[in-house]
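10 is the number of the first residue of the sequence shown in our numbering; add one for each residue after it. We put the CB at the ideal spot given by N, CA and C, even for glycine. Encoded as structure tokens, the structure appears first; notes follow it.
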Amino acid sequence: MNANLVKSTLIAGIAWTIGLSAGHGRDVLELESRYNGDGWFEYRLRTLEDPFFKAIRFGQLLPDPFTNYVANTLPDHWTNFVYNGVWAGIKFDATVPQPRINEISFSVKSGSTHFRRATPGFVTSIFLEFVDLYKGGGLGGYVNLNCLVPCSPEEADGSPPTIVSRIELIPDVKIDQLIFTNGQVHGLTYSWIQPSTVELQASHNLADWMTVARFFGNPPQTTWTTNISFSSFGQFFQLSLIANSHLANTQAPVTLASTSPHSLEIPIGNQEYINNEFRIGFISTPNGVYEVDYCELPGKTITTKQITASKLFTTLVFDIPEPRSAAFFKVRQLVE
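Okay, structure coming up:
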């Protein structure tokens, strides 16, 4: 959630910004796919450090398309998922909790001994739980990563036998530059993808941080200045994202996402990806009215479906003819 650090140094009356880089967000998932010969493909999926998420759980893993399937290995607590007699990946059995930093490895054998890069090709059913800044924030959805898959000899594209793919879900706030007046820091320019309230923090030693100010900005870039120098607060500066909204009282406790008083957030209980369809299942109340948002992070809604439940468990199907690199679902019950 913190932007890249920026240091200001004054030398002979000339202002320099040191440590200013093309700030980037953190990759949250990494997939290594490897062809080991004789039709065997190995897949290793890892979760990475990212300050936006306190829990990441997987439901279904599927290299797609995996032609001429023969057999596969299974990691502990995972089972094969077969739909209409066709292998559709592996599914977690939910018998143990999944650690935040996680690694899952398995191998699949094909009757084909040629391979190509599928872009994207590795479908990951995923559940995300945000840090407390996103109170009430939990999403289900899928992530697609590039991977190696079996193919016919004429489809082989000359890819190396090992490739690594990563994905970032939420970028960091980026400090672009500090603004100086008479050798003193009086402002900055920063970039972020949504209207937001941010907190500027300063430090002399990179260990102890002091809040300088909170202010609001609009995408893609905001310049904020003040007539009061904040050079005395420190040589190092960072931004912390407070809210994806404009706060009337910038010192009040806030959340990045909240539930409307006319709706109740419902956790997703089951997710399945089958033949370009994504199926969302959740506990429901008969005759209750529910809405499911199909969205991208950090908050762009693609489409919304509404349904009146008839059973205690409801399944809603979304057609995904062209899967995105990452997309998510959020369920809420409408209440009076």
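Separation of Gln69 and Thr133 (C-alpha to C-alpha, rounded to the nearest whole angstrom) is 6 Å. At a cut-off of 4 residues, not a single continuous stretch assigned as alpha helix (DSSP H) sits fully inside the region 64-123. Residue state for Glu345 is assigned as coil, using DSSP reduced to three classes. Taking each of Gln342, Ala222, Thr232 and Thr231 in turn and checking the Cα distance to Asn296, the smallest one comes out for Gln342. DSSP, read as helix, strand or coil, puts Ser319 in coil. If you keep only unbroken beta strand (DSSP E) runs of at least 3 residues inside the region 212-252, you get 219-226, 230-234 and 245-252. Non-local C-beta neighbours of Asp59 in its own chain, meaning closer than 6 Å and more than five positions away in sequence, comprise Arg35 and Val37, ordered along the chain.
Met219 and Thr76 have their C-alpha atoms spaced approximately 57 Å apart. By the Cβ-count criterion, Glu112 is exposed, with fewer than 16 other Cβ atoms from all chains shown falling within 10 Å of its own Cβ. Here Pro129 carries a strand assignment [DSSP, helix/strand/coil]. For Arg175, the enclosing beta strand (DSSP E) covers residues Thr171 to Glu177. In the DSSP assignment, Phe291 falls within the beta strand (DSSP E) that extends over Glu286 to Ile292.
Bounds of the beta strand (DSSP E) holding Ser200 are Gln193 to Ser200. Straight-line measurement puts the Cα of Asn285 at about 18 Å from the Cα of Asp302.
When the Cα atoms are used, Val207 and Asn227 turn out to be separated by approximately 11 Å. The alpha-carbon of Leu215 is positioned some 25 Å away from that of Asn236. In the DSSP secondary-structure assignment, Phe136 is bridged to Arg66 and Gly149. Annotation for Ser200: Lys183, Asp185, Pro229 and Gln230 place their beta carbon closer than 7 Å to its own, counting only its chain and skipping 5 residues before and after. With a contact defined as Cβ atoms closer than 8 Å, Ser168 and Phe124 qualify at about 7 Å. About 46 Å separates the Cβ atoms of Tyr44 and Pro204, ruling out a contact at the 8 Å cut-off. Residue pairing from DSSP leaves Ser161 without any beta-bridge partner.
The alpha-carbon separation between Ala318 and Ala64 amounts to approximately 29 Å. Looking at the DSSP output, Phe327 shares a beta bridge with Phe287. If the five residues before and after Asn279 are omitted, its C-beta is found closer than 6 Å to the C-beta atoms of Gly290, all from its own chain and listed in chain order.
Between Thr324 and the set Pro330, Ile316 and Glu331, the nearest pair of CA atoms involves Ile316. Rounded to the nearest whole angstrom, the C-alpha separation of Leu137 and Val91 is 25 Å.
Between Leu306 and His271, the alpha-carbon positions lie close to 23 Å from each other. Of the residues assessed, Val344 falls on the exposed side of the cut-off, its CB having fewer than 16 other CB atoms within 10 angstroms.
Bounds of the beta strand (DSSP E) holding Asn45 are Asp36 to Gly46. Residue pairing by DSSP puts Asn279 in a beta bridge opposite Gly290. The Cβ atoms of Asp102 and Thr82 lie no closer than 9 Å to each other. Per DSSP, the continuous beta strand (DSSP E) segment holding Gln186 begins and ends at Lys183 to Thr190. As a beta-bridge residue in DSSP terms, Gln210 pairs with Thr220 and Gln247.
Between the alpha carbons of Val194 and Ser241 lies a distance of about 9 Å.
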